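Colleague: Line by line, the protein sequences are chains R and W. Under my numbering, think of the first position of the first sequence as 926, with each following residue one higher. Under my numbering, think of the first position of the second sequence as 844, with each following residue one higher. For glycine and all other residues, C-beta sits at the position ideal for the given N, C-alpha and C. Note that this is a predicted model, so its numbers are computed, not measured.
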Amino acid sequence: MTPSHDQHQASGGEPPIDADLLLSRAVAGDRSALAEVRARGASDPSILEELAMWQADELRLARLGRTLDARADRIELPRRGIVGGRQSRLGWFVAAAIALAWFGQSLVPGVRDSRSTAQQQASVAGLGAGFTTADEAFDAYVAKAREEGLVEGEVAPPTLLRSRELTDGRGFEVVIVRQIIERRVSPEIYRVAPMGETGRLRQILVRPRTETVQ
Amino acid sequence: MADFPNSRPPTDAPANGLTDARSDSTGHDEVLSLAETRLFARAADGDREAIAEVWHANRRWIAAVLAAHAPRASDIDDLMQEVAATLVAKCRHIRDAASLRGWLRVVAVNAARMAGRSSAIERRSLGLFAGERGRGSAGIDRAAADEARETLALIERLPPIYAEPLMLQATQGMTQRHIADLLDVPETTVETRLARGRRMLRQLASERDAASGGHSTPSASARTAPERTHAP
């Protein structure tokens, strides 16, 4: 407690303001507080020295603020919301995911009829050529598939499998799984069930119920 | 108690050039609030331009919040990108436009806390200004980056409840009322935290100066710093 603090209290006027509160207000630009500090400084010069140090701290914080602002101004919105990775490095993984998705579908035997095949061809055709990045191709795919009702959405956030820092200073390798919720129409599906004594798994064709059955 | 209108701008502007940002006029605030409400509502509806505008208008204070909460050596750029990505991905779920700013703060605080839990991020030792080293033409010179790093190191030692309002006021020029709204605490609490935060920062700076053989003011060390772990 400063001497002026005590004097103020002894005079029976308004309760004195805590020195830290007063200094904080003064460095934040409150002129009344600044005047009060100067008044107190007449009897307690240490508070003026203190004010100078607090103002120096404030200046350092302001300079830190400018540096932070410059950093913040460089951060632009990602083209699509993801959590846990850098968008710019996802192109490769997205391309791989698409390739795997289409490749995987082509391996499933007899799942699609000619109509769904036509839909698939339309989707592929919709991708077209001339994309400069895989991200663009992916965006086009999602947009087209949404139009066609094939894609309902994307599971967010993607699952992070692993990441590592690249030794050449280029950044980080991030391996993620992105999942797209698709809706397909198929005239028939297969379920897998163990058959016979050996318990081997076999595909059993399931057809939709006809109107008569329903 | 004497009235100290602490949110009004001083005529003798502080050297940090934050006079305008600290100005506080009710009419101006109302107009701003209306415009923001409309903007936030558009963003909540998924308007891409509005989302980008929200991001541009808020990213600086989000960086300040991250700096107040982030653990040491965490990369604030990464955390900023996380917040930006979450904004894009989830702002449509915010139905109350008025709460968007508070939601953004929570996203930022959570991102910083998650970074604290992730040892992988800490091991990276990237630091906020690591990318600035040796980058002469990047707009931030090395001396400024060094000083910023030192100041940030002190901020990182403050409890976040004191560091956050201090960063928001001293680096972003936010008024106490705006900080109180953002943190959802009374203005008096913000004022107390600001005073304690500044006192703690001064004490830490004095200790650092003393440790490095620099000048430490006797008065600074004579005054007792408040309990660092207690909220007012």
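Along the beta strand (DSSP E) that carries Glu-1079/R, what are the first and last residues, could you check?
Modeller: Run containing Glu-1079/R: 1076 to 1090, per the beta strand (DSSP E) assignment.
Colleague: Exposed or buried, which one is His-912/W when buried takes at least 16 other CB atoms within 10 Å?
Modeller: Label assigned to His-912/W: buried.
Colleague: Say whether chain W places a C-beta atom closer than 8 Å to the C-beta of Val-952/R.
Modeller: Closer than 8 Å to some Cβ of chain W, the Cβ of Val-952/R qualifies, so yes.
Colleague: Within 8 Å of any Cβ in chain B, is that where the Cβ of Ile-1105/R sits?
Modeller: Included in the structure are the protein chains R and W, with no chain B among them.
Colleague: Which word fits Gly-1055/R, buried or exposed, when buried means at least 16 other C-beta atoms lie within 10 angstroms of its C-beta?
Modeller: Looking at its Cβ environment, which holds fewer than 16 other Cβ atoms inside 10 Å, Gly-1055/R is exposed.
Colleague: Where Ile-1106/R and Tyr-1115/R are concerned, what is the direct C-alpha to C-alpha distance, given to the nearest angstrom?
Modeller: Rounded to whole angstroms, Ile-1106/R to Tyr-1115/R spans 20 Å at the Cα level.
Colleague: Give a yes or no on whether the C-beta atoms belonging to Leu-993/R and Ala-910/W are separated by under 8 Å.
Modeller: In this structure, Ala-910/W lies closer than 8 Å to Leu-993/R by Cβ.
Colleague: If you compare alpha carbons, which of Ile-919/W, Gln-924/W, Leu-943/W, Asp-920/W is closest to Leu-1002/R?
Modeller: Closest option to Leu-1002/R, Cα to Cα, is Gln-924/W.
Colleague: How would you label Ile-894/W, buried or exposed, when you count the other beta carbons within 10 angstroms and need 16 or more for buried?
Modeller: It is buried - the Cβ of Ile-894/W has at least 16 other Cβ atoms within 10 Å.
Colleague: What did DSSP end up calling Ile-1105/R once you bin it into helix, strand or coil?
Modeller: The answer is strand: DSSP assigns Ile-1105/R an E or B state.
Colleague: Could you give the DSSP three-state label for Ala-913/R: helix, strand or coil?
Modeller: Nothing can be reported for residue 913/R, as the shown portion of chain R is limited to 926 through 1139.
Colleague: According to DSSP, is Leu-976/R part of a helix, a strand, or is it coil?
Modeller: Helix, per DSSP.
Colleague: Going by DSSP in three states, Glu-925/W sits in which element: helix, strand or coil?
Modeller: Helix, per DSSP.
Colleague: For Gly-1074/R, count neighbouring Cβ atoms within 10 angstroms of its own Cβ and tell me buried if that reaches 16, exposed if not.
Modeller: Exposed is the call here.
Colleague: With distances taken between CB atoms, is the gap from Met-1017/W to Leu-1009/W smaller than 8 Å?
Modeller: For Met-1017/W and Leu-1009/W, no; Cβs fall outside 8 Å.
Colleague: By how many angstroms is the C-alpha of Ala-1023/W removed from the C-alpha of Thr-1092/R?
Modeller: Whole-angstrom Cα-Cα distance: 45 Å.
Colleague: Tell me, please, whether the stretch 994 to 1002 of chain W touches the stretch 981 to 995 of chain R by the rule of three or more beta-carbon pairs shorter than 8 Å.
Modeller: Touching, yes, given that three or more Cβ pairs across the two stretches are closer than 8 Å.
Colleague: Less than 7 Å between C-beta atoms, sequence neighbours within five positions excluded: which residues of the same chain meet that for Trp-946/W?
Modeller: So the qualifying residues of the chain are Ile-937.
Colleague: Which residues mark the beginning and the end of the beta strand (DSSP E) in which Val-1110/R is found?
Modeller: Neither: Val-1110/R is in no beta strand (DSSP E) and is coded neither H nor E.
Colleague: Residues of chain R with CB under 7 Å from Thr-1014/W, in chain order?
Modeller: Result: Leu-986, Ala-987, Leu-989, Gly-990, Leu-993.
Colleague: For chain R, check one thing: does any of its Cβ atoms lie closer than 8 Å to the Cβ of Thr-994/W?
Modeller: Thr-994/W counts as touching chain R.
Colleague: What is the residue span of the alpha helix (DSSP H) that Leu-959/R lies within?
Modeller: Start and end: 956 to 968.
Colleague: My assumption, with CB atoms under 8 Å, is that Gln-1015/W sits in contact with Glu-1034/W. Please give the rounded CB distance.
Modeller: Not quite, the Cβ-Cβ distance comes to about 17 Å (not below 8 Å), so this is no contact.
Colleague: Quick one: what's got a C-beta closer than 7 Å to Ala-1048/W's C-beta in the same chain, skipping five residues either side?
Modeller: So the qualifying residues of the chain are Leu-997.
Colleague: For chain W, check one thing: does any of its Cβ atoms lie closer than 8 Å to the Cβ of Ile-1101/R?
Modeller: Cβ-Cβ to chain W under 8 Å: no for Ile-1101/R.
Colleague: Taking Ala-951/W as the query, report the chain R residues whose CB atoms sit under 9 Å from its CB, ordered along the chain.
Modeller: Correct list: empty, because the minimum Cβ distance to chain R is about 11 Å.
Colleague: Measuring only between beta-carbons, confirm whether Leu-877/W sits less than 8 Å from chain R.
Modeller: Leu-877/W does not count as touching chain R.
Colleague: Look at Val-1099/R and Ser-1111/R and say whether their C-beta atoms are less than 8 Å apart.
Modeller: Not closer than 8 Å, so no.
Colleague: Counting only the same chain and skipping the five closest in sequence on each side, list residues whose C-beta sits under 7 Å from that of Glu-975/R.
Modeller: Once the five neighbours on either side are set aside, the close Cβ partners of Glu-975/R are Leu-948.
Colleague: With DSSP as the reference, label Ala-1118/R as helix, strand or coil.
Modeller: Strand at Ala-1118/R.
Colleague: How many angstroms separate the CA atom of Arg-1036/W from the CA atom of Tyr-1005/W?
Modeller: When rounded, the distance between both Cα atoms is 5 Å.
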